[in-house]
Amino acid sequence: MSKGRVLIDADACPRQALLTAQALCKELDWICLTFASYNHHIGNANHVTVDAGPQAVDMKLANETSSGDVVVTQDIGLAALILGKRAHALTPHGMVFDPERIAFHLEERNEKARYRRGGGRTKGPAARTREDDQRFAESLRFLMERGDQQ
């Protein structure tokens with residue numbers, strides 16, 4: 001019997017992070033579920049395809065999440081919903097969302113959006129590095145092993 005579930009927002013998950021999550025799930029006997037719009041082709045028996053509407057993947061993933069699940073997403077709003085369900089959330093870069101700091105992340109996101117609406121430009125994400133891959137693997141393993149102990 002599997003020990004838990006990792007749910008992945010595969011619309012914006014880098015391939016290496018997806019492969020790492022699938023390998024860890026296999027190693028630790030967890031279920032790995034991927035969620036993406038029909039515009040993405042993910043070769044996985046546990047893949048959920050939704051329409052391409054705005055936030056469709058996020059809403060489906062949030063509705064499917066249960067307490068104790070681990071969710072991989074770059075979306076701060078989705079991470080806030082996930083934390084509210086007593087599940088864990090982390091980015092594909094390995095940053096674990098903390099319930100005590102999620103309000104700060106949401107406020108920072110809103111300030112950057114306001115700045116962009118006013119004509120300002122913000123930096124995009126940095127190129128993915130080996131360190132990102134390693135941090136993601138370590139953070140995901142930590143959350144999965146922590147979930148086994150609960």
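Using UniProt numbering, the first residue of the sequence shown is number 1, and each one after it goes up by one.
For every residue, glycine included, the Cβ atom is placed at its ideal position computed from N, Cα and C.
Rounded Cβ spacing between residue i and residue j (contact assumed at less than 8 Å)
i      : j     : result
SER139 : VAL96 : 5 Å
ALA87  : THR65 : 5 Å
ARG128 : PRO14 : 6 Å
Inter-residue spacing [alpha-carbon to alpha-carbon] between residue i and residue j
i      : j      : result
LEU143 : LEU7   : 13 Å
LYS112 : GLY118 : 10 Å
PHE136 : GLY120 : 31 Å
ASN46  : THR34  : 6 Å
ALA36  : GLY84  : 22 Å
Three-way DSSP call (helix, strand, coil) for residue i in this model
i      : result
ASP9   : strand
ALA103 : helix
SER139 : helix
ALA45  : coil
ALA52  : coil
Residue i and residue j closer than 8 Å at C-beta
i     : j     : result
THR91 : GLN74 : yes
LEU78 : ASP51 : no
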